[in-house]
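Chemist: Numbering (my numbering), first residue to last: 47 to 346. There's a structure below that I have some questions on.
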């Protein structure tokens with residue numbers, strides 16, 4: 047009987063999924079999280095740090111911040127009436143969503159224009175090289191601006207008129223992303239767009255046309271993302287965890303990318319919804335398939 051139990055245990059252990067490599071896409075509040083100079087930055091007050099009257103160590107703080115400080119999620123309602131606030135974004139659009147990275151840093155460098163409006167041609171060129179963006183995906187736009195995040199004046203590009211200056215999506219590119227699913231017959235389409243800058247729009251925008259184009263179609267935004275240069279172009283998953291603020295127009299967020307052990311170009315991680323759940327359930331399915339018959343045999 048002991049041998050059978052050991053055999054069953056070995057089968058379950060062998061079937062356990064490989065732990066993927068995780069990449070932090072969020073900055074740390076109170077340490078290095080950048081925020082637009084136009085918004086209230088994160089601040090923390092220490093209420094208690096030390097031993098109380100009972101000899102128990104206690105730390106207790108309170109904080110105050112804008113919804114849109116540091117790494118955060120823009121809810122669609124931020125720039126579109128009657129769309130989702132942060133607490134109503136469906137969980138399936140936040141948990142283990144397939145991601146792609148569109149690197150436009152070279153185009154920005156060559157353009158020599160701080161408020162570079164990323165054109166549709168950059169997105170189409172990416173698809174010609176890497177294939178159609180998968181349904182239900184998060185799209186990360188890597189501008190290279192994250193390298194400036196240690197210096198808020200440089201990162202925000204704030205000028206004497208208190209205008210920010212940095213690259214962002216053109217209205218046409220934002221519309222292209224927001225309507226991508228409909229053009230390709232996808233049931234869901236792109237669910238969110240993230241950038242390594244303060245805003246999905248160019249810094250000196252006044253009408254925030256990229257915000258409007260995406261958010262009016264319930265495509266959410268992610269801003270001030272870190273470590274986009276550590277991601278592969280495709281074949282990874284992302285979990286987005288914004289603070290659940292009732293009716294919030296946005297929220298500070300922890301965002302984590304999940305990379306396979308080897309970037310083989312395979313598409314198994316891209317097909318997130320059913321495939322990832324099956325991987326998680328596989329050990330238990332095998333346990334039922336192997337251990338169940340063994341136990342019945344022993345009883346007989």
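Glycine included, C-beta positions come from ideal geometry on N, C-alpha and C. Here the structure is a predicted model, which is why all the values come from computation and not from measurement.
Determine the DSSP secondary structure at residue 217, reduced to helix, strand or coil.
Modeler: helix
Chemist: When we look at the beta-carbon of residue 65 and count the other beta-carbons within 10 Å, is it buried (16 or more) or exposed?
Modeler: exposed
Chemist: Assuming residue 181 contacts residue 234 under a Cβ cut-off of 8 Å, what Cβ separation, rounded to an integer in Å, is found between them?
Modeler: 5 Å
Chemist: If you compare alpha carbons, which of 252, 302, 200 is closest to residue 80?
Modeler: 200
Chemist: By DSSP's criteria, residue 92 is part of a beta bridge. Which residues make up the other side?
Modeler: 107
Chemist: Would the segment 175-194 count as touching the segment 121-134 if we require 3 or more Cβ pairs under 8 Å?
Modeler: No, the segment 175-194 does not touch the segment 121-134.
Chemist: Return the bridge partner residues of residue 226 from the DSSP annotation.
Modeler: Note: residue 226 sits in no beta bridge, so no partner.
Chemist: With the cut-off set at 9 Å, would you say residue 218 and residue 243 are in Cβ contact?
Modeler: Result no, Cβ atoms of residue 218 and residue 243 do not sit closer than 9 Å.
Chemist: Taking the alpha-carbon positions, what's the residue 224 to residue 266 distance?
Modeler: Going from the Cα of residue 224 to the Cα of residue 266 covers about 10 Å.
Chemist: From 153, 302, 160, 106, pick the residue whose C-alpha is nearest to that of residue 167; which is it?
Modeler: 153
Chemist: Less than 9 Å between the C-beta atoms of residue 277 and residue 69, yes or no?
Modeler: yes
Chemist: Can you round the beta-carbon distance between residue 272 and residue 72 to whole angstroms, since I take them to be within the 8 Å contact cut?
Modeler: 6 Å
Chemist: Taking C-alpha atoms, which residue in 263, 229, 212 lies nearest to residue 193?
Modeler: 212
Chemist: Would you list the one or two residues that DSSP bridges to residue 287?
Modeler: 300
Chemist: Going by DSSP, what residues sit across from residue 86 in a beta bridge?
Modeler: Residue 86 pairs with nothing; no bridge assigned.
Chemist: Looking at residue 142: is its Cβ nearer than 9 Å to the Cβ of residue 307?
Modeler: no
Chemist: Just verifying my parser: in three-state terms, what is the DSSP assignment at residue 148?
Modeler: strand
Chemist: According to DSSP, simplified to helix, strand and coil, what is residue 143?
Modeler: strand
Chemist: Should residue 86 be labelled buried (16 or more other beta-carbon atoms within 10 Å of its own) or exposed?
Modeler: exposed
Chemist: How many Å lie between residue 99 and residue 92 at the Cα?
Modeler: 18 Å
Chemist: With 16 as the cutoff for other CB atoms within 10 Å, does residue 102 come out buried or exposed?
Modeler: Residue 102 comes out exposed.
Chemist: Can you tell me which of the three DSSP states residue 132 falls into?
Modeler: helix
Chemist: From this set, 283, 202, 230, which residue's C-alpha is nearest residue 251's C-alpha?
Modeler: 202
Chemist: Would you mind sorting residue 106 into buried or exposed? The rule is 16 or more other CB atoms within 10 Å of its CB.
Modeler: Classification for residue 106: exposed.
Chemist: Do you know offhand how far residue 240's Cα is from residue 246's?
Modeler: 7 Å
Chemist: Starting from residue 200 and walking both ways along the alpha helix (DSSP H), at which residues does that stretch end?
Modeler: Bounds of the alpha helix (DSSP H) holding residue 200 are 198-202.
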